[in-house]
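Trainee: Protein sequence lines correspond, in order, to chains W and L. Mapping of the first sequence onto numbering that gives the first Met the number 0: position 7 corresponds to residue 6, and the numbering continues sequentially without gaps. Mapping of the second sequence onto numbering that gives the first Met the number 0: position 297 corresponds to residue 296, and the numbering continues sequentially without gaps.
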Amino acid sequence: MATGLKKEHELHTRRRGRNVGVLGLLVALAVLLFAVTMVKMGPQSGNPTAGASWGETLLNWARE
Amino acid sequence: MTDISSHSLQGDRPEAGLSDYVQLMKPRVMSLVIFTALAGIVAAPSDVHPVVALASIICIAVGAGASGALNMWWDADIDARMARTVGRPIAAGAVEPGEAMALGLGLSLLSVAMLSIFANLLAAALLAFTIFFYAVVYTMWLKRWTPQNIVIGGAAGAFPPMIGWAAVTGEITMTSCLLFLVIFLWTPPHFWALALFRKADYADVGVPMLPVVAGEDVTRRQIFGYTALLLPVAIAPAFSAAGGPIYLLVALWATMRFAHEAWQVRARTSEAAAADDYAVEKRFFVTSISYLFLIFGALMADALLRSAIGPFGWPVLF
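Printed below as a string of structure tokens:
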């Protein structure tokens, strides 16, 4: 009986961990889609980094 | 009750946890893919928004993971019989083969579709071809058929910097082809070093790796031969649109060190290797991994140097 309960507990813990992981991944995907949409539809969407180097782009983005 | 019933229906197979699915995607291979793809993105002589760059990297990483899952699905039978791979999720019984296949196919489609939206069609097409090449051409066809499996199949691992480059520029250029060639020529020495000290495993499961089919001496000569070919190719990006002085110095030092260790492998006999449990080959295998991180890291350092101080008259020949 005790062994059965322990097995069930492990099963649920494992399953919960997996569900939380999947939830995290889905949230991350939603955040990523939102961020990319904002960038692509933002004020600089036509030519996002005209004249700027890669490093400058990164710095500008961090400042924003 | 339902849980217990479904569990007992699956016998003693433990239900897969999140870490099993992570392992299914070959995280160590993925780290190399992420790093080289990032190098392609950073070194490309064009600009991309950091969010788009991050999204592209994630797509490339997921695509690589998907092809890893498909590889494990197809190779589950031999993985279960090799010491190096017996702990993989399908071989160990943690993940059902069909589940791995579904995950691999699903993530392949998702990563390619997302990359086409986040970056461009060329990058997405290259990613799709890479997944196809690794899962079908290498895993299903070449791996169990020819000792040249990892020479041709190595192309799959060589695409990530080219995909990263294409995600930024929308082009395939001479420089991105050079970066492809560097990894393509690096793969045989890297993988054959592993095959030398895992020869028995491959022989047991009938995978015709070069040391199994042609012997250790031929493999050692081939390792050095491909390293010699790699020498000029690894230096060439220094004088490309992506290169610079940091890359030149690092590539010269690292490639000479790589070649030196390849020569040590070449100069050994099977008896000497067996006597010290393939210590030199194992060291060369580790060196080969750090080598790739070093030179692609140097490529990114040059890109950051250029963005910090602007053009500085470095000769660009490619």
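No residue lacks a Cβ here, since even glycine has one placed at the ideal position from N, Cα and C. The model shown is predicted, which means the values in this text are computed figures rather than measured ones.
1) Using alpha carbons as the reference points, say which of L:229, L:287, L:51 lies closest to residue 122 of chain L.
2) Among the candidates L:32, L:71, L:25, L:147, whose CA atom is the shortest distance from the CA of residue 190 of chain L?
3) Tell me which residues share the same chain as residue 45 of chain L and place their Cβ nearer than 8 Å to its Cβ, disregarding the 5 neighbours each side in the sequence.
4) Evaluate the contact criterion for the region 266-275 of chain L versus the region 245-256 of chain L: three or more CB pairs, one atom per stretch, below 8 Å.
5) Any beta carbon of chain L sitting closer than 8 Å to that of residue 10 of chain W?
6) Beta-carbon of residue 34 of chain W versus every beta-carbon of chain L: anything under 8 Å?
7) Which residues of chain W have a Cβ atom closer than 7 Å to the Cβ of residue 14 of chain L, listed in chain order?
8) With a threshold of 8 Å, are at least 3 pairs of Cβ atoms found where one atom belongs to the region 90-100 of chain L and the other to the region 28-44 of chain L?
9) Using Cβ-Cβ distances below 7 Å, what residues of the region 212-235 of chain L are close to chain W?
10) So residue 174 of chain L packs on residue 149 of chain L, CB below 8 Å; how close in whole Å?
11) Does any CB atom of chain W fall closer than 8 Å to the CB of residue 57 of chain L?
12) Whose C-beta lies closer than 7 Å to the C-beta of residue 353 of chain L among residues of the same chain, with five residues either side of it excluded?
13) For residue 108 of chain L, report the span of its alpha helix (DSSP H) as first-last.
14) Any idea if residue 289 of chain L is buried or exposed, counting beta-carbon neighbours within 10 angstroms, 16 or more meaning buried?
15) Nearest to residue 39 of chain W by alpha carbon, out of L:260, L:117, L:299, L:111?
16) Does chain L have any CB closer than 8 Å to the CB of residue 17 of chain W?
17) With a threshold of 8 Å between beta carbons, is residue 79 of chain L in contact with chain W?
18) I want to verify the contact list: residues of chain L whose CB lies under 7 Å from the CB of residue 38 of chain W, in sequence order.
19) Assuming residue 20 of chain W contacts residue 17 of chain L (C-beta within less than 8 Å), just tell me the rounded distance between them.
20) Which of the residues in the region 97-129 of chain L, read from start to end, lie with their CB under 7 Å from any CB of chain W?
Mentor: Inspection of the coordinates gives the following:
1) L:51
2) L:147
3) 167, 168
4) With fewer than three CB-CB distances shorter than 8 Å, the region 266-275 of chain L does not count as touching the region 245-256 of chain L.
5) yes
6) yes
7) Under the 7 Å cutoff, chain W gives 10, 13, 14.
8) Result no; under three Cβ-Cβ pairs closer than 8 Å.
9) none
10) Not a contact, Cβ separation roughly 25 Å.
11) yes
12) Here chain L covers residues 0 to 317 and nothing more, so residue 353 of chain L does not appear.
13) Run containing residue 108 of chain L: 96-117, per the alpha helix (DSSP H) assignment.
14) exposed
15) Looking from the CA of residue 39 of chain W, the closest CA among L:260, L:117, L:299, L:111 belongs to L:117.
16) yes
17) Taking Cβ atoms only, chain W never reaches closer than 8 Å to residue 79 of chain L, which makes this a no.
18) 48, 50, 51
19) About 4 Å; that satisfies the 8 Å criterion.
20) 117
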